[in-house]
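All remarks here apply to the structure that follows.
Residue numbers (our numbering): 7 to 602.
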């Protein structure tokens, strides 16, 4: 009888238990309490309001915010929310549920990608890393389009990797000679382009540009992956570029885009007389790349810091993770995986680092690749390939646990100091509202968790208990994000007074028969449109407020933040009286509600 190789045993391993574990973690991290907090401004307030207006008009084509054209995003995100409104009623859960579905699917797809690029052990650890990373859970629990885009980009890359891996296996088994291009099967490219078409419906041209750039580069550099001794410049030639393009069968992609994405773009273009395209491409894409918008700028290293924070506490070991990834590119065994992940991260990090407008969620499609890098390092803890290798094995793990201890001391100590009388002289200077101190104090739980984990990690490291130390690290990272979503954010959520005001004072039932839209002056909170269920007149200054009050159909209600003496006098002259006053959040001050 022929003996089974380790690869055969690996393929027959019970992956079902891995999936059940990952689903359990996703339910705990992404789904529990999904609708417990109100919408957060700006993004959730914008997108949920757009979906609600489309739902109420029974319009699946033209997105509007505050009854005006809103050309920020394509419709896939809104369609998911509308389906949620039909199934569960209009609520926060209904606005977020599809994001949680795509977030869960991204975790499972990362597991599949890890199995293709490495092994079951690395795949499971990488998927756990992704599911317990703070920024990924933010995107997966928010009424935004980031995980929609990230999922379809990941599907396209995974399908390509699966086909290319089969080509490598056939070459390694001696069944085929070295191939010039890895993926030539039309059915595979059709599936890839279908995923890309849905990525375009999720967030526009970047859903096409990035996966095509990544897959095109990998196709062009394929001889390197096979270990052929060619220089970089010998591969970047017009002849090879043309051959790589043909091998990707762009005509199949054109058909997929025309069939799936083009119809909605064409219909919305017709129904808005071209206005949607002008804002969507001119403002939301070209201007966002060329100049900072909405004060979202940052230095060239912005996304390095974003990744370190987005994957914390895993990134307590950032230096050895980076060294391990750098060394992996020289190994024949990991050459393919290093090439795929390296090109993948290169495009997202470099392009968005150069762009003027920067936000942490822009690189969510690259998060599975980062998680795979992290998972590969920690997988080495279990098979001793990392921890027994000189300085990498002896010093850096201890340094990581020590950094976690220090982080725990800081994160538990600072909230305690702020909540005590010791910090009273500093509260005003730090612009901290004293009423927020109980909520700030809850962050000390995160610090205490890190402190205990770091101490236990050092203890286990000294005794060479590597399996236990990794298990505790994974468990603590999961509990870390659970604490944030289940304990800390609900504490902060109760301070969101604009949403409360919209519910209690700005709904259609409180309009007293007036035909004028309620006025919100001195602040802009998109979620107020969602909770009021009607259009609002946002007035940025006293002059625009006076204009609204003097209109033929004056508003029945006025909400004003930090009203000036002139605004008070104008409201009184027009017959308005204060009916409620609440503290502002997140800006300090008060919000007053006036009625005729």
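Built from N, CA and C at the ideal position, the CB exists for glycine as well. As the structure is a prediction and not an experimental result, all values here were calculated from the model.
Between 74, 75, 62, 112, which lies nearest to residue 89 when the distance is taken from Cα to Cα? Along the chain shown, read from residue 1 onward, the residue named residue 89 stands at position 83. When each option's Cα is compared against that of residue 89, the closest is 62.
Can you give the Cα-Cα distance for residue 410 and residue 309, rounded to whole angstroms? Within the chain shown, numbered from 1, the residue matching residue 410 stands at position 404. Within the chain shown, numbered from 1, the residue matching residue 309 stands at position 303. Looking at the two C-alpha atoms, the distance is approximately 21 Å.
Pull up the distance between the alpha-carbon of residue 455 and that of residue 489, whole angstroms please. What you label residue 455 is simply residue 449 of the chain shown in a count that begins at 1. What you label residue 489 is simply residue 483 of the chain shown in a count that begins at 1. Distance between the alpha carbons of residue 455 and residue 489: 10 Å.
Rounded to whole angstroms, what's the CA-CA distance from residue 212 to residue 102? Just pull it up for me. In the chain shown, the residue the question calls residue 212 occupies position 206. In the chain shown, the residue the question calls residue 102 occupies position 96. Each residue's CA atom was taken as its position, placing residue 212 and residue 102 some 22 Å apart.
Taking the continuous beta strand (DSSP E) assigned at residue 501, which residues delimit it? Looking up residue 501 in the chain shown gives position 495. That residue, residue 501, is in no beta strand (DSSP E); it is neither H nor E in DSSP.
Three-pair Cβ contact test at 8 Å for the segment 315-324 versus the segment 245-257: These segments do not touch.
How many angstroms separate the CA atom of residue 369 from the CA atom of residue 523? Position 363 of the chain shown holds residue 369. Position 517 of the chain shown holds residue 523. When only Cα atoms are considered, residue 369 and residue 523 end up about 38 Å apart.
With a Cβ-Cβ cutoff of 8 Å, do residue 573 and residue 527 count as a contact? By 1-based counting over the chain shown, the position of residue 573 is 567. By 1-based counting over the chain shown, the position of residue 527 is 521. Cβ atoms of residue 573 and residue 527: closer than 8 Å.
Can you tell me whether residue 306 is buried or exposed? The criterion is at least 16 other CB atoms within 10 Å of its CB, across all chains shown. Residue numbering aside, residue 306 sits at position 300 when the chain shown is read from its first letter. When all chains shown are included, residue 306 counts as exposed.
Going by CA-CA distance only, name the one from 261, 189, 195 that's closest to residue 226. The residue labelled residue 226 in the question sits at position 220 within the chain shown. Looking at the Cα atoms, 189 is the closest of the given residues.
With a cut-off of 8 Å on the beta carbons, I'd call residue 387 and residue 464 a contact; round off their distance for me. Mapped onto the chain shown, residue 387 falls at position 381. Mapped onto the chain shown, residue 464 falls at position 458. With a Cβ gap of about 14 Å, residue 387 and residue 464 do not count as contacting.
Output the boundary residues of the alpha helix (DSSP H) element that contains residue 553. Within the chain shown, the letter at position 547 stands for residue 553. Taken as a continuous stretch (DSSP letters only), the alpha helix (DSSP H) holding residue 553 covers 548-555.
Check whether residue 419 and residue 132 have beta carbons under 8 Å apart: Numbered from its first residue, the chain shown carries residue 419 at position 413. Numbered from its first residue, the chain shown carries residue 132 at position 126. Against a cut-off of 8 Å, the Cβ pair of residue 132 and residue 419 comes out as no contact.
From residue 576 to residue 596, what does the alpha carbon distance come to, in whole angstroms? If you number the chain shown from 1, residue 576 lands on position 570. If you number the chain shown from 1, residue 596 lands on position 590. Between residue 576 and residue 596, the C-alpha separation is close to 18 Å.
In chain order, what residues of the same chain have a beta carbon less than 7 Å from the beta carbon of residue 54, not counting five sequence neighbours either side? Your numbering for residue 54 matches position 48 in the chain shown. Hits under 7 Å: 45, 87, 101, 149, 536.
Which residues mark the beginning and the end of the alpha helix (DSSP H) in which residue 341 is found? Against the chain shown, residue 341 aligns to sequence position 335. 341-360 is the span of the alpha helix (DSSP H), which, as asked, contains residue 341.
Tell me where the beta strand (DSSP E) around residue 567 begins and ends. Along the chain shown, one-based indexing puts residue 567 at 561. Taken as a continuous stretch (DSSP letters only), the beta strand (DSSP E) holding residue 567 covers 563-567.
According to DSSP, residues forming a beta bridge with residue 186: Residue 186 sits at position 180 when you count from the first residue of the chain shown. Beta-bridge partners of residue 186 (DSSP): none assigned.
Exposure label - residue 166; buried when at least 16 CB within 10 Å: Start at 1 with the first residue of the chain shown, and residue 166 comes out as number 160. Residue 166 comes out buried.
Report the residue from 48, 562, 501 whose alpha carbon sits nearest the alpha carbon of residue 514. Stepping through the chain shown from its first residue, residue 514 is reached at position 508. Residue 514 has its Cα closest to that of 562, out of 48, 562, 501.
With H, G and I counted as helix, E and B as strand and the rest as coil, what does DSSP make of residue 585? Here residue 585 refers to the residue found at position 579 when the chain shown is read from its first residue. DSSP places residue 585 in strand when its eight states are reduced to three.
Residues of its chain near residue 582, where Cβ-Cβ distance is below 7 Å and the 5 sequence neighbours each way are ignored: Along the chain shown, one-based indexing puts residue 582 at 576. Same-chain partners within the cutoff: 564, 600, 601, 602.
First and last residue of the uninterrupted alpha helix (DSSP H) at residue 309: The residue given as residue 309 occupies position 303 in the chain shown. Annotation: the continuous alpha helix (DSSP H) that includes residue 309 extends over 308-316.
Less than 8 Å between the beta carbons of residue 580 and residue 551, yes or no? Translated into the one-based positions of the chain shown, residue 580 becomes position 574. Translated into the one-based positions of the chain shown, residue 551 becomes position 545. At least 8 Å separates the beta-carbon of residue 580 from that of residue 551.
Measuring only the C-alpha atoms, how far is residue 585 from residue 506? Taking the chain shown and counting its residues from 1, one reaches residue 585 at position 579. Taking the chain shown and counting its residues from 1, one reaches residue 506 at position 500. Answer to the nearest angstrom: the Cα atoms are 14 Å apart.
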